[in-house]
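Below: one structure, written as structure tokens.
Residue numbers (this note's numbering): 1345 to 1479.
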């Protein structure tokens, strides 16, 4: 079993909270507590600022009747966390959820996310985020 230092454990707890308490509910203002103001998200060759990330997240939540994320694996090394997630999302007006596989690397500075790399296998998910204004 991996031994984590106090900072790595804190980063893991922040990531867990982000996926279960924030992203599943669309509680966008809370993101400001966890991300630096100038945080950047890298997705499919584009770079989004934190406000654009929040816009994409809010739109995704608005389009879905239910969203549930399970953390398949998570670990930390130094200033970075790595998470593999499964998100089940049901579009409004539909009854069958989609399984969305996600991998995210986050880089922390002073206890907050400064940068993240986001990989997702769902075309609709990617398109919602990518249509946000890129940096």
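For glycine and all other residues, C-beta sits at the position ideal for the given N, C-alpha and C.
Legend entry - Spatial distance of residue 1437 from residue 1443 (CA atoms): The straight-line gap from Cα to Cα measures roughly 17 Å.
Inset, instruction - For residue 1456, collect the residues of the same chain with a Cβ closer than 7 Å to its Cβ; drop the 5 residues on either side in sequence, then sort them by chain order. - result: Take residue 1456, set aside five residues on each side of it, and the residues of its chain with a beta-carbon closer than 7 Å to its own are 1378, 1379 and 1380, in chain order.
Inset, instruction - Determine contact between the region 1357-1366 and the region 1414-1433, defined as no fewer than three beta-carbon pairs at a distance below 8 Å. - result: They touch, by the three-pair rule.
Inset, instruction - Flag residue 1387 as yes when its Cβ comes closer than 8 Å to any non-hydrogen atom of the ligand NAD, and as no otherwise. - result: Absence of the ligand NAD is noted for the structure shown, with no ligands found whatsoever.
Inset, instruction - Taking residue 1361 as part of the alpha helix (DSSP H), name the residues at either end of that continuous run. - result: Counting along the chain, residue 1361 sits inside the alpha helix (DSSP H) bounded by residues 1350-1361.
Legend entry - At least three beta-carbon pairs within less than 8 Å, the region 1399-1416 to the region 1426-1434: Yes: at least three Cβ pairs fall under 8 Å.
Inset, instruction - With a threshold of 16 other CB atoms inside 10 Å of the CB of residue 1453, please say whether the residue is buried or exposed. - result: Exposed, by the Cβ-count rule.
Inset, instruction - Quick one: using the 10 Å Cβ neighbour count with 16 as the cut-off for buried, is residue 1351 buried or exposed? - result: The residue is exposed, with fewer than 16 neighbouring Cβ atoms inside 10 Å.
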